[in-house]
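In my numbering, the protein residues as written are 74 to 640.
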């Protein structure tokens, strides 16, 4: 962790000790419960805040941890350490089994599926009376025993729980900070961009979902020991709502937010007891006010810590490109009765810029999506370096050497330029090599001096260059650009053309889909013209510009538009 984090944690801990020095047993109990909920919220941040999945099963995993602990300590005489490990294991296995089918779903479907799973767990807790005790629950859960040391209520339990909070916070920090955090941001905010830089979003979400369940089980296990009773209430949806509220109020992606949320959901009801029968109204109004005033949570008032540039600017080294080729044969994709791509065959080779033109709806962007794996072909084959990749996912193709920029730059607006580029570099590279690759990628597109600039403050030309830099950070062999000159001035297009030409001369195979003939015709070595999903002409730019069929279906329309604009 950073020095600031350590100092901040030390100050908070010191203040907590001073505050609790004169506290009675009841206050210590509340703070212990606040720590327990903080652990559950830290877990939920990994699923909701970082993976971006609205799971409604976090309360169920909390209940699983409580019940496994209660059963093993009361019926099988296991100590607290063994019971907690068992609870973590059961929750991890259950989460993994749930994640395999459920994580394929999106948005509200995923939420509904996890809600159904939570209801199943609750029904088991109520009706499996021989194991769970049914509606009566499990009584007499002993105090926590860790390695033969009994953790009594009061100070011992309080210190133990908050020590566990520190460990959980360390786990979350390790898994979601630095370059890992940047890749999580990219996968959550711009999933298609994450795919084409080689991020395996499915594995990311699976890992975070399972880790969130493990932390929920730890919290449930602590609660079983702290309360001494496990009842179906620990699997009730109301507990899930409490965890969700704590996450939203504190902050979805900040460790400090989990601490704030955990403390508030326990203490706010106590603070509002003075309102008598109206305390729930006051409690709800206070939470609603926080959500309105601080949509990113209370921790969102603290500025985001950005990843700083760690490599000095220098002339970029030559691109390390292999002699690569990309070939598609009889490629087909139909959307209902529309033949978006209908039997396209083409070859793209190292050092060549291939332009793809055609009227709207001719299949240009669909072709790029098929080549990069964002959509699956209905027929035909795609071969990369003599290896068929037709059935491979987009992230797998990206790791094999394909990179892509989109028609509309797909970037995380809260990132800085340096962060946006670093997010594309695989975690398998050490920090030194990653910084060198990021610096080289920025230098190749003339962004060396803008590393600290926020993405949202870049000009349209800067956004285009940044997306190309991010693609270059993956060290690709083949680069696909979808209308890179759209929205740029003539001078900006000329500068971008020089950059693209330089990249091809360095060894990249580049495919450019573009409507701007002023930009593309002088740039491309070869032009492919599409119409109604088929190739109608292929050849050097000069030949294509004079091809009667191309002029009739496409280029002639630009001449007519130019004449109309000149009237």
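Beta carbons are placed, not taken as given, at the ideal position from N, Cα and C, and that holds for glycine.
Going by C-alpha positions, residue 305 is about 29 angstroms away from residue 179.
Note on residue 170: under 16 other CB atoms within 10 angstroms of its CB, so exposed under the neighbour-count rule.
In the structure shown, residue 364 adopts helical secondary structure according to DSSP, grouped into three states. Distance between residue 506 and residue 500, taken at the CA atoms: about 10 angstroms. Closest in alpha carbon position to residue 497, among 437, 213, 272 and 224, is 272. Residue state for residue 461 is assigned as strand, using DSSP reduced to three classes.
In the displayed model, residue 405 falls within a strand according to three-state DSSP.
Contact between residue 454 and residue 463 is confirmed by a C-beta separation of about 5 angstroms, below the 8 angstroms threshold.
If you check the CB distance, residue 423 and residue 535 do not come in under 8 angstroms. Per the coordinates, the alpha-carbon of residue 494 lies some 14 angstroms from the alpha-carbon of residue 477. Annotation note: the region 264-289 contains the following uninterrupted alpha helix (DSSP H) runs of length 4 or greater, listed N- to C-terminal: 264-269. The Cβ atoms of residue 589 and residue 614 lie no closer than 8 angstroms to each other.
Here residue 567 carries a helix assignment [DSSP, helix/strand/coil]. Between residue 592 and residue 570, the beta carbon gap of about 6 angstroms places them in contact (Cβ cut-off 8 angstroms).
Looking at 623, 292 and 442, the one whose alpha-carbon comes closest to that of residue 240 is 292.
For residue 546 against residue 514, the beta-carbon gap comes to about 4 angstroms, under 8 angstroms, which counts as contact. Contact annotation: the region 275-288 touches the region 241-253, with at least three C-beta pairs closer than 8 angstroms. Within the model, the alpha-carbon separation for residue 490 versus residue 511 is close to 10 angstroms.
Sequence-distant partners of residue 193 (beyond 5 residues in either direction) whose C-beta falls short of 7 angstroms from its own C-beta are missing from its chain.
Non-local beta-carbon contacts of residue 254 in its own chain, meaning distances under 8 angstroms to residues more than five positions away in sequence, involve 123 in chain order. For the region 422-501, the full-length beta strand (DSSP E) segments reaching 3 residues or more read 426-430, 452-457 and 475-478 along the chain. Counting of Cβ neighbours within 10 angstroms places residue 599 among the buried residues, the total reaching 16 or more. Non-local beta-carbon contacts of residue 467 in its own chain, meaning distances under 7 angstroms to residues more than five positions away in sequence, involve 268, 269, 445, 446 and 447 in chain order.
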